[in-house]
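Data block below; observations after.
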Amino acid sequence: MRFALIASVLLFAAIPCSAADSAAPEDTHPTAQHPDLSGFWNLDLKVPRDPQLMGQVAPGTAFIDDTGPAELPRGNYGGLKLTPAAMEKAKHWDPRAQLTPQEACRPPSIVYALQGPFPIEIFQSDQFIVMKLEYYDLVRIIFLDDRKPEADYPHSPTGFSSGHWEGSTLVVRTDHLEAATITNNGLDHSENIEVLERFRLSDDGKHLLATQEYSDPAVIENRGVRFIAWTRQPGQHVYPYECDPGFAGNYAPSSAK
Amino acid sequence: MRSILPGLALIAALIATSSATAHHSFAVFFNTDEKVVTVSGVVKEFHFSNPHGVITLVVSKGNGTTIWRAETNSPSILRRRGWTPQSLHVGDKITITGWPARDGTQYLRMQSAHLSDGSLVGQPLG
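Note that the protein sequences, when read in sequence, are chains A and B. This note's numbering puts the first residue of the first sequence at 61, with every later residue one more than the last. This note's numbering puts the first residue of the second sequence at 87, with every later residue one more than the last.
See below:
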């Protein structure tokens, strides 16, 4: 079943996104010229911030220190400077709205999902990288062949990702993200957010290190960044998430303040 | 049946449980500032599905009973700690420790669960 899923994902990923991509290469095997990020990676909060990646973050970017299970309380946006409109929206945010059958299983975008306390699994080729998040069964495809999204490409929680290698660092730019939460406390990004991620292996190859930067002038006046690290755990795979919206019915609806 | 255990700081609590925040905000919905709550009772229902499992407990109160619900970590994370859909059964006597809902309703976020023989359900964090 798992291999059928992977095969389906890879087949989808190989479908050209525009006419210019119609001659996509057939060889999908990783080569030795780039680090192999393939495998199962579990979030690891013990890994210190990587000076190399952090050194590449744009000056003035707010560091959002909530990676993993920690969350910012209401009214704390970790140094992000909200626009007046975003601040007003955040003030009137009603967290109880998250706990309806319609919303309980709505996945966040990669801006919130990637830093969550769930593992990821990566399948790598020369033409694309498939990143399967356990959280909400999200599947990202990072195209490495310079293809562009067609004009009517839809917005989604995973958006459209294009990547390239800068030495041993995978640099990924993502747009076409559906509006969704940034900090899970009332601050949402717009569908025009632009995300810049850098991934690299630690020197010993045991950890996958990443920074995820984003800019979204409609809601934040400065840039934000999270540092995320995972530890490789060979032989494991992400589990199905299969969210059950019936959960919403179990919750005491007045518990949030 | 209910006791209040003071003194856990937010960060320590979060690290201890390695909780998944899933879709709704843990920090907003649950009081992690000062206390955890311990509730003992009999399992009435146990749902083991994402984004959170839910344990419904019948708890003695005076001459009668009352209902508590405990939301668990994401089951896909709990599976890696030895939990399964068969970890609890209707009629099991258990004790749950967790963070109470901010509004004081009988709902909490499970930190740990113990069976009546004192054994921990699942495995402790490594």
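C-beta: ideal position from N, C-alpha, C; glycine also. A quick note: this is a predicted structure, and the numbers were derived from the prediction, not measured.
Through-space distance from residue j to residue i, alpha-carbon basis
i, j, result
"B:Y235", "B:H200", "In the structure displayed, chain B extends from 87 to 212; residue 235 of chain B sits before or after that span and is not available."
"A:E210", "A:F220", "10 Å"
"B:F134", "A:R134", "29 Å"
"A:A240", "B:T181", "37 Å"
"A:Q175", "A:E273", "12 Å"
"A:I242", "A:D154", "15 Å"
"A:P119", "A:V285", "11 Å"
"A:P129", "A:A173", "11 Å"
"A:Y137", "A:E148", "13 Å"
"A:V190", "A:F203", "9 Å"
"B:V140", "A:D125", "29 Å"
"A:Q293", "B:W169", "20 Å"
"B:R165", "A:E302", "14 Å"
"B:N117", "A:F188", "43 Å"
Chain A within 8 Å of residue i, Cβ atoms only
i, result
"B:T107", "The predicted position of B:T107 is uncertain, since its pLDDT is 34 and thus under 50; a value taken from the coordinates is nonetheless stated next. So yes, B:T107 belongs to the interface."
"B:S162", "yes"
"B:P137", "yes"
"B:A199", "no"
"B:R165", "yes"
"B:F115", "yes"
"B:H133", "yes"
"B:S111", "yes"
"B:V129", "no"
"B:V140", "yes"
Best match in the options for proximity to residue i [C-alpha to C-alpha]
i, options, result
"A:S98", "A:H249, A:P179, A:K208, A:A150", "A:P179"
"A:T127", "A:H297, A:Y299, A:P300, A:A289", "A:A289"
"B:W154", "B:V207, B:F132, B:G208, B:I163", "B:F132"
"B:T152", "B:D178, B:S160, B:S173, B:T142", "B:T142"
"A:S250", "A:H236, A:F100, A:G139", "A:H236"
"A:L142", "A:P305, A:I280, A:K266, A:N252", "A:I280"
"A:P217", "A:S169, A:K208, A:V255", "A:S169"
"A:P214", "A:I182, A:V190, A:N252, A:D205", "A:N252"
"B:S162", "A:V231, A:F203, A:Y195, A:K151", "A:Y195"
"A:P277", "A:D186, A:V255, A:L159, A:D212", "A:V255"
"A:H94", "A:S275, A:A157, A:F259", "A:F259"
"B:N159", "B:G190, B:S198, B:G150", "B:S198"
"A:D205", "A:Q162, A:S185, A:S275, A:M191", "A:S185"
"B:D203", "B:D119, B:T118, B:F116, B:S126", "B:S126"
"A:Q112", "A:S275, A:G295, A:L269", "A:L269"
"B:V114", "B:H138, B:G168, B:R188, B:E157", "B:R188"
"A:V199", "A:K106, A:D212, A:I182", "A:I182"
"A:N310", "A:R156, A:A145, A:L105, A:A150", "A:R156"
"A:S275", "A:V171, A:F287, A:L261", "A:V171"
"A:Q158", "A:S222, A:P300, A:L193, A:G246", "A:G246"
Residue i at chain B interface by Cβ criterion, 8 Å
i, result
"A:P85", "Caution applies to A:P85, whose pLDDT of 44 falls short of 50 and renders its modelled position unreliable; the model cannot decide the point."
"A:Q158", "yes"
"A:Y299", "yes"
"A:R109", "no"
"A:D304", "yes"
"A:R207", "no"
"A:L193", "no"
"A:F123", "no"
Beta-carbon gap between residue i and residue j smaller than 8 Å
i, j, result
"A:N244", "B:S111", "yes"
"A:L132", "A:N282", "no"
"A:V117", "A:T234", "no"
"B:T183", "B:V122", "yes"
"A:F100", "A:Q296", "yes"
"A:P54", "A:L103", "An answer regarding residue 54 of chain A cannot be provided, because it is not within the stretch 61 to 317 covered by chain A."
"B:P186", "A:F307", "no"
"A:T291", "A:K266", "yes"
Any non-hydrogen atom of the ligand ADP closer than 7 Å to residue i Cβ
i, result
"B:F115", "Inclusion of the ligand ADP in the displayed structure is not the case, the ligand content being empty and no account of it being possible."
Enumerated in chain order, which unbroken segments of the beta strand (DSSP E) with a length of 3 residues or greater are wholly contained in the segment 107 to 159 of chain A? none
Suppose only complete runs of 4+ residues qualify. What are the alpha helix (DSSP H) ranges in the segment 106 to 171 of chain B, listed by chain order? 112 to 115, 161 to 165
Restricting to runs no shorter than 4 residues, where is the alpha helix (DSSP H) found entirely within the segment 249 to 285 of chain A? none
List in chain order: all unbroken beta strand (DSSP E) runs of 3+ residues lying wholly within the segment 170 to 252 of chain A. 180 to 184, 188 to 193, 199 to 203, 220 to 226, 229 to 235
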